[in-house]
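K.L.:
Chains as they are written, first to last, in the numbering used here: chain A, 24 to 292; chain B, 868 to 1155.
Note that CB positions come from ideal geometry on N, CA and C, so glycine has one too.
Computed from a predicted model, the values in this text were never measured in an experiment.
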Amino acid sequence: MRALVTAVYLFLYAPIALVVLFSFNAGRSAVQFTGFSADWYGKALSNVLLMDALKNSLLIAATSAILAVVFGTMAAMGLERLGARMRALFDGLLAAAIVVPGVVIGIATLVALVQLFDVLNPLLAGLWPGQEAPKLQLGYGSIIAAHGLFTMALVTMIVKARIASLGRDIVEASSDLYASPLTTFREIVLPQILPAVLAGFLLAFTFSFDDFIIAFFVAGSKTTLPIYIFASIRRGVTPEINAVATMVLGASLLMILIARFLMREKTTR
Amino acid sequence: MPLKPQTRHKLVTALLLGPAGLWLFFFLVLPFIAILVFSVGKRGPVGGYAPAFTFEQFANLGTRAAAFVNTLELAPVGAFSCLLVAYPVAYYLAVKVNPQRRLLLLSLVVAPFWTSLLMRTYAWMYLLGGRGIPHLLELVGIENVRLINTPGAVLLGIVYGYLPLMIMPIYVSLEKLDRKLLEASYDLGAKPIGTFFRVTLPLSLPGVMTGFALVTILLLGEYLIPQLLGGGKVFFIGNALVDLFLQSRNWPFGSAIAVTLVAVVVVILTIAMRLTWRIAGTRKVDLV
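1. Take residue 232 of chain A and list the residues in its own chain whose beta-carbon comes closer than 6 Å to its own, dropping the five residues that flank it on each side.
2. Are the CB atoms of residue 944 of chain B and residue 1031 of chain B nearer to each other than 7 Å?
3. Which two residues bound the contiguous alpha helix (DSSP H) that contains residue 42 of chain A?
4. Using a threshold of 7 Å, state whether the C-beta atoms of residue 266 of chain A and residue 67 of chain A are closer than that.
5. Check whether chain B comes within 7 Å of residue 229 of chain A, counting only Cβ atoms and requiring the distance to be less than that.
6. Pull the bridge partners of residue 910 of chain B from the DSSP assignment, please.
7. Taking only three categories from DSSP, how would you classify residue 56 of chain A?
8. Return helix, strand or coil for residue 884 of chain B, following the three-state DSSP convention.
9. Going by Cα to Cα distance, which pick from A:285, A:254, A:262 and A:217 is closest to residue 97 of chain A?
10. Consider the Cβ of residue 270 of chain A: report whether some Cβ of chain B lies at a distance smaller than 7 Å.
11. In terms of residues, what are the limits of the alpha helix (DSSP H) holding residue 78 of chain A?
12. Figure out for me which residue from A:40, A:244 and A:179 has the closest Cα to the Cα of residue 114 of chain A.
13. Residue 951 of chain B CB to nearest chain A CB: under 7 Å?
14. Taking only the alpha-carbon atoms, compute the straight-line gap between residue 292 of chain A and residue 190 of chain A and give it to the nearest angstrom.
15. Would you please verify whether the beta carbon of residue 254 of chain A is less than 7 Å from any beta carbon of chain B?
16. Ignoring anything shorter than 4 residues, give me the alpha helix (DSSP H) runs that lie fully in the segment 141–211 of chain A, in order along the chain.
17. So, is the C-beta of residue 884 of chain B closer than 7 Å to a C-beta in chain A?
18. Could you tell me whether any Cβ in chain C is nearer than 7 Å to the Cβ of residue 132 of chain A?
19. Using a beta-carbon distance cut-off of less than 9 Å, what residues from the segment 935–964 of chain B approach chain A?
20. Does the beta-carbon of residue 1094 of chain B have 16 or more other beta-carbons within 10 angstroms, so that it is buried, or is it exposed?
21. May I ask you to report which of helix, strand or coil DSSP gives residue 1009 of chain B?
22. Nearest to residue 1141 of chain B by CA position, among B:1069, B:959, B:1077 and B:931, is which residue?
23. Tell me, to the nearest whole angstrom, how far the beta carbon of residue 268 of chain A is from that of residue 989 of chain B; I am working on the premise that it is less than 8 Å.
24. Over what stretch of residues does the alpha helix (DSSP H) that includes residue 1090 of chain B continue unbroken?
25. Which residue comes first and which comes last in the alpha helix (DSSP H) that contains residue 956 of chain B?
26. Between which two residues does the alpha helix (DSSP H) harbouring residue 232 of chain A extend?
27. Using a Cβ cut-off of 7 Å (strictly closer), state whether residue 275 of chain A contacts chain B.
28. Cα-Cα, which of A:282, A:271 and A:263 is closest to residue 69 of chain A?
29. Is there a C-beta anywhere in chain A that falls below 7 Å from the one on residue 898 of chain B?
30. Just confirm the distance between the C-beta atoms of residue 159 of chain A and residue 177 of chain A, as a whole number of angstroms; I'd bet it's less than 8 Å.
31. Could you list which residues in chain A have their beta carbon closer than 7 Å to that of residue 1090 of chain B, in chain order?
32. Could you round the C-beta distance between residue 1108 of chain B and residue 938 of chain B to whole angstroms and report it? I think they count as a contact, below 8 Å.
33. Considering only C-alpha positions, which residue in the set A:174, A:150 and A:147 is nearest to residue 128 of chain A?
34. To the nearest angstrom, how far is the alpha carbon of residue 1105 of chain B from that of residue 200 of chain A?
35. Residues in the same chain with beta-carbon distance under 6 Å from residue 286 of chain A, minus the five sequence neighbours each way, listed in chain order, please.
36. In whole angstroms, give me the CA-to-CA distance for residue 282 of chain A and residue 225 of chain A.
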């Protein structure tokens, strides 16, 4: 049994370890290690297109994660104030945002936004006082919107679970002592839900940063890191991609382990 | 003029839920209505969309039958393969391992799920591709081994990609299992094997169902694994959708496929929920 479980852990991590190992290979071979070198990292970091894609991905992930955390936390707090029917509707929509396949979210957002822009752009051109009216198009906004849909639902679920585990009595005690609702939130509720909120942020950021399929449909002319990597993989496997993969996997593994640590606190406290 | 407490309560609720509600409406409900409308429309003369009310697109689904067959075959087979590997790991983590090491081992199992699937699939592309394992085999004299771009490679990628998601719910249901039941079973003279099949396994079925349903549903919309490890030979619905939306630009037909995919997901989810409900009430799924 132990041996079997060890084998599964090896299965999970050996391919990643090999990718990391060969990112330091001096040669181009994928099986023969011909000497240690960090050249591929230098090459990756000085690749302008790659860095541009990385910058886009960081911007999109940070924005969508912040929006998801703020709106998701607000929603989690608002949900318990709703009547049963509205609450069921809201819960249903949030669940749908999580289970509908990413490929469908991407397509549906693409179809809806293209139609919407077709209607809005002529209107905007007509109403615009200046010469050149801004043109709505796919790009940062549409990726942020589509990523935010999934991550906001995710944050709502995580924070909701955390709020449910808090006693109502502590909040009531606070208001009995004449604390305003805002003070109660700042002094009582927020410190308690903070680990869940932070974990939600990290998961939302990682999801958006790693997502390929949704961005693939709604990115328009923008390139995110996964889209760039996908395109270069199709041209062939190189140690440069290994170097990028090592950095991406390392960063997201670290964030996930932090997120899990933050979420564990609820059981130890 | 101060607001009535009733009104104030409603106003605060609306403010709290407003942004999320608008987001859900504009980026979930509205897009879904859009593809529903497109799916009963017609293809325009230059490849765009022409308004219509016809089920022509759905009648044509047969032309992409291969993608549906592949997906509906490999998704459950993949989920089942995941299950076979996941169960012993979940069992070990929930029952055998000591609590101090459990958190670390559990984190190590879950963490990969949240890292880039593209990068993890790339790892196998790299290992199975010409300069990976086949090259290694050539060095020891075994020539012309083809690993990548086969259904087997896709299946391997699926198990690798979705194993963490299968382990989690099974672990949760095994961890909740009351140890007294196992002791009772032993006290009544059952052998370990008997106890496992008559007590442990039936009680972990809700977790198994949840894991199976989750993995199957995610696999139905999979694109990257068949694309990178199947090399266009093993075509999933997701690949057909990318083709129809980004290459051949037949949006009404693509929308019909997407709507059908959502319908399949809903059916599977309903069946899974009913079954789980029947077996042991509901169980929450711990995705992270």
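P.N.:
Per the coordinate set shown:
1. Excluding positions up to five away in sequence, the list reads 80 and 84.
2. Residue 1031 of chain B is positioned such that its CB atom lies no closer than 7 Å to that of residue 944 of chain B.
3. That run of the alpha helix (DSSP H) goes 25–46.
4. Yes.
5. Closer than 7 Å: yes.
6. For residue 910 of chain B, which the question treats as bridged, DSSP gives the partners B:916.
7. The answer is coil: DSSP assigns residue 56 of chain A none of H, G, I, E or B.
8. In the structure shown, residue 884 of chain B sits in a helix (DSSP, three-state: H, G or I).
9. That would be A:217, whose Cα lies nearest to the Cα of residue 97 of chain A.
10. With 7 Å as the cut-off, residue 270 of chain A does not count as an interface residue toward chain B.
11. That run of the alpha helix (DSSP H) goes 71–102.
12. When each option's Cα is compared against that of residue 114 of chain A, the closest is A:179.
13. Residue 951 of chain B is outside the set of residues whose beta carbon lies under 7 Å from a beta carbon in chain A.
14. Any reading at residue 292 of chain A must be qualified, since the residue scores a pLDDT of 36, below 50, and its modelled position is unreliable; no value is offered.
15. Look at residue 254 of chain A: its C-beta is not under 7 Å from any C-beta on chain B.
16. Fully enclosed alpha helix (DSSP H) runs of 4 or longer: 163–188, 191–199 and 204–207.
17. Yes, its Cβ sits closer than 7 Å to a Cβ of chain A.
18. In the displayed structure, chain C is absent; the protein chains listed are A and B.
19. If you check each beta-carbon in the segment 935–964 of chain B against every beta-carbon of chain A, the ones closer than 9 Å belong to 952, 953, 955, 956, 958, 959, 960, 963 and 964.
20. Classification of residue 1094 of chain B: buried, given that the 10 Å Cβ count is 16 or more.
21. In the displayed model, residue 1009 of chain B falls within coil according to three-state DSSP, outside both helix and strand.
22. Closest option to residue 1141 of chain B, judged by alpha-carbon separation, among B:1069, B:959, B:1077 and B:931: B:1077.
23. Contact holds; Cβ gap of about 6 Å.
24. Counting along the chain, residue 1090 of chain B falls outside any alpha helix (DSSP H), and DSSP gives it neither H nor E.
25. In this chain, the alpha helix (DSSP H) harbouring residue 956 of chain B covers 932–958.
26. That run of the alpha helix (DSSP H) goes 213–233.
27. Yes, because at least one Cβ of chain B sits closer than 7 Å to the Cβ of residue 275 of chain A.
28. Considering only alpha carbons, the answer is A:263.
29. Closer than 7 Å to some Cβ of chain A, the Cβ of residue 898 of chain B qualifies, so yes.
30. About 27 Å; that fails the 8 Å criterion.
31. Those are 126 and 236, listed as they occur along chain A.
32. Actually they are not in contact, since the Cβ atoms of residue 1108 of chain B and residue 938 of chain B sit about 11 Å apart, beyond 8 Å.
33. Here the closest residue by C-alpha is A:174.
34. The C-alpha of residue 1105 of chain B lies about 57 Å from the C-alpha of residue 200 of chain A.
35. Residues 222 of the same chain have their beta carbon placed closer than 6 Å to that of residue 286 of chain A, with the five preceding and five following residues left out of the count.
36. Straight-line spacing of the CA atoms in residue 282 of chain A and residue 225 of chain A works out to 6 Å.
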